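Start counting the sequence shown at 25; every next residue gets the next number (our numbering). All C-beta atoms in this analysis are idealised placements derived from N, C-alpha and C, irrespective of residue type, glycine included. Note that this is a predicted model, so its numbers are computed, not measured. Data block below; observations after.
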Amino acid sequence: MENFTFYAPTYFDFGKGAEQHVGELVRRFGGKKVLFHYGGGSIVKSGLYDTVKKCLEAEGIAYVELGGVKPNPRSGLVYEGIELCRREGVDFILAVGGGSVIDSSKAIAAGCCYDGDFWDFYSGKAKIQQAVPVGTILTIAAAGSEGSTNSVITNEETGYKKGAGSDVLRPKFSILNPEFTCSLPPYQTAAGATDIMIHICERYFSNTEEVEITDRLCEAVLKTMIHETPRVIEDPQNYDARANIMWAGMLAHNNVCGVGRVQDWASHHIEHELSALYDVTHGAGLAVIAPAWMRYVLKINPHKLVQFALRVWDIEPRENEEKTALKGIEAFERFLKDIGMPLTFAEIGADEKDAELMTSKLLNTKDTEGNYVQLRAEDVMKIYHYAATGEM
Ligand code: NZQ
Ligand code: ZN
């Protein structure tokens with residue numbers, strides 16, 4: 025195991041009715057003038073929009089609103105948010121919605137405390153040192169942004185989708201009421217589940233040795249997702265299955281399962297190019313890319329894929345490592361298909377003719393991608409090729 029530091033001070037308020045505590049929590053964490061940031065219509069439909077306003081007003085907390093965050097959140101609204109916060113003297117940002125709303129809030133939070141262009145953090149030109157405090161009410165189990173250090177934004181002008189991270193971006197509090205996730209359509213539910221599983225895979229597929237504790241934690245989250253996801257696809261109102269998935273989503277990405285090991289992240293970064301170009305749902309893009317990545321790296325470095333097959337998918341050992349690992353990948357693909365996820369470029373409207381462009385954007389500041397296997401441009405092209413054609 026490698027040395028690590030782990031600082032995850034988010035206060036979680038989990039369960040039915042937890043949203044009623046939002047005013048109290050904003051006050052506890054020092055908010056006097058709030059930016060209430062949200063997406064499209066889902067929080068209006070669920071009643072959460074009205075509840076939040078009532079709770080803030082009951083605590084005498086002033087607020088301004090900024091809605092309209094789109095999935096794969098854009099830089100334009102971040103600039104608007106920064107300007108609004110400065111003009112209004114905002115000292116706390118409340119994100120109500122999914123990962124996109126939370127990521128947009130984090131970008132505004134960091135941008136408000138920086139003299140330059142907030143995009144400097146995402147292009148790698150500057151490091152985030154300070155941010156306005158953020159609190160969240162999560163409505164979809166997926167990105168894990170409610171407990172993570174990260175934010176991912178798409179720059180509308182350049183078409184780049186990039187991430188930035190810092191401990192100061194971890195939310196001060198996150199309210200998780202699984203009831204709100206019951207209104208998610210099956211496709212969003214399944215895409216969220218896929219994202220959760222791939223957050224674990226990015227950590228699990230590591231060459232760091234002697235990491236039994238985090239390996240076992242990763243396997244527990246994956247097995248939970250394998251058990252619970254079909255249950256919520258079949259019965260969207262299943263509170264307990266929703267609750268287990270919601271907490272799994274947090275555990276998958278606050279890094280409790282990833283400390284002390286070198287992580288991979290190739291599937292995520294390869295996917296971000298797809299969602300930047302075609303605006304596909306992140307989790308659906310991952311369903312296309314991650315199994316293709318697994319099939320490609322299997323030939324080069326099978327050891328962790330064998331463990332994945334044996335311990336996560338309960339595959340009986342075959343005559344050699346490659347065959348055992350392949351059975352695990354096939355089981356994962358079957359699972360994704362059964363929950364309604366796409367597995368090919370065609371299903372998400374992507375075209376192989378863009379593979380070169382996506383690869384060059386992916387590797388614009390580096391020579392290789394990922395760590396489990398370090399992929400060069402030609403390797404990434406082969407992964408896109410497999411996703412497009414089903415041929416290695
Ligand atoms: O805008 P509204 O109307 O709220 O609709 C949203 C949106 O259309 C809808 N939705 C959310 N909660 C709902 C609901 N619909 C019905 N009932 C509810 N309870 O779902 C749609 C998707 O929302 P979004 O916030 O985009 O989903 P998600 O949480 O999957 O976030 C995806 C974004 O997070 C990034 C992704 O790249 C993508 O941009 N990621 C962020 C990470 C992080 N910050 O740590 C890590 C991840 O790997 C990921 O890259
Ligand atoms: Zn993700």
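When only Cα atoms are considered, Asp-303 and Glu-343 end up about 42 Å apart.
Beta-bridge annotation (DSSP): Phe-53 is not paired with any residue. A contact between stretches requires three or more CB pairs, one per stretch, nearer than 8 Å, and the region 111 to 126 meets this requirement with the region 163 to 170.
Remark: the shortest separation between the CB of Ile-222 and any heavy atom of the ligand ZN falls under 7 Å. Secondary structure of Glu-393 (DSSP, three-state): strand. Between Val-156 and Phe-116, the C-beta spacing is below 8 Å. Here the region 57 to 66 makes contact with the region 85 to 97; the two share three or more CB pairs at distances below 8 Å.
Check the Cα spacing between Ala-131 and each of Asn-174, Thr-160, Glu-89: the tightest is with Asn-174. Between the alpha carbons of Lys-77 and Glu-346 lies a distance of about 56 Å.
Between Ile-126 and Leu-72 a beta carbon distance of about 14 Å is seen, past the 8 Å cut, so the two are scored as non-contacting. By the neighbour-count definition (other C-beta atoms within 10 Å, threshold 16), His-327 is an exposed residue. Distances between the C-beta of Ala-374 and the heavy atoms of the ligand NZQ are all 7 Å or more. In the pairwise beta carbon analysis, the region 388 to 395 is classified as not touching the region 307 to 316: fewer than three pairs are separated by under 8 Å. Here Ser-299 carries a helix assignment [DSSP, helix/strand/coil]. Ser-299 sits away from His-293, with the two beta carbons spaced by 8 Å or more. For His-292, the distance from the CB to the nearest heavy atom of the ligand ZN is below 7 Å. Within the DSSP secondary-structure output, Phe-30 pairs in no beta bridge.
According to the DSSP assignment, Val-158 belongs to no alpha helix (DSSP H) but to the beta strand (DSSP E) extending over 158 to 162. Residue pairing by DSSP places Arg-98 opposite Thr-178 in a beta bridge. Distance from the CA of Val-46 to the CA of Lys-56, rounded to the nearest whole angstrom, comes to 13 Å.
Note that the C-beta distance between Ile-222 and Leu-310 is below 8 Å. Counting only the Cα atoms, Ala-379 lies some 10 Å from Ala-401.
Here the distance from the Cβ of Asp-219 to the nearest heavy atom of the ligand ZN is below 7 Å.
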